[in-house]
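Some notes on the structure that comes next.
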Amino acid sequence: MFEADIAGYLAEHIDDRIERRRLNGTNDRGDLTGLKVHGLRVVVECKNYGGRVEIKPWLDEAEIERGNDHADIALVVAKRRLTTKPGDQVVLMTIDDFVALVTGQRPGTGIEDRADD
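In the UniProt record's numbering, the protein residues as written are 1 to 117.
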């Protein structure tokens, strides 16, 4: 339900082609499809969690999905506690993804350029 709520909100406010993606099995390509910025494809991983924010594992998962989907940008939409409004949820992304979002160009060539900190 969380994924559908976020997809509906983004479809209403950005592009009506954004929708909840069907499950892909082992080669997951994110939870939402149809989001583009500057013509760049965006993978969205939604996290409806009940506890602690897991930034590194969530961003790592989104990055793998970005590669699986041959997308340019990966981001995580995480549910905030005590609110169900889609517009109140938070977005996590790496600086490389933020640069691509703002400029329309992704620094480097992708996964192989990332340091494993």
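For each residue, glycine too, the CB sits at the ideal point set by N, CA and C.
Small disclaimer: the values here were computed from a predicted structure and weren't measured.
Which class does residue i belong to by DSSP, given the choice of helix, strand or coil?
| i | result |
| --- | --- |
| VAL99 | helix |
| LEU35 | coil |
Name the one or two DSSP bridge partners that residue i has.
| i | result |
| --- | --- |
| LEU92 | VAL76 |
| GLU12 | GLU12 is not bridged to any residue. |
| GLU19 | THR33 |
Classify residue i: buried if its beta carbon has 16 or more other beta carbons within 10 angstroms, exposed otherwise.
| i | result |
| --- | --- |
| GLN89 | buried |
| VAL102 | exposed |
| ASP69 | buried |
| ASP97 | buried |
Every unbroken alpha helix (DSSP H) within the segment 37 to 86, with a cutoff of 4 residues, ordered by chain
55 to 69
Inter-stretch contact at 8 Å, needing at least 3 Cβ pairs: the segment 20 to 37 / the segment 49 to 58
No, they do not touch.
Would you check if the segment 39 to 50 and the segment 66 to 80 touch, i.e. whether three or more CB-CB distances between them fall below 8 Å?
yes
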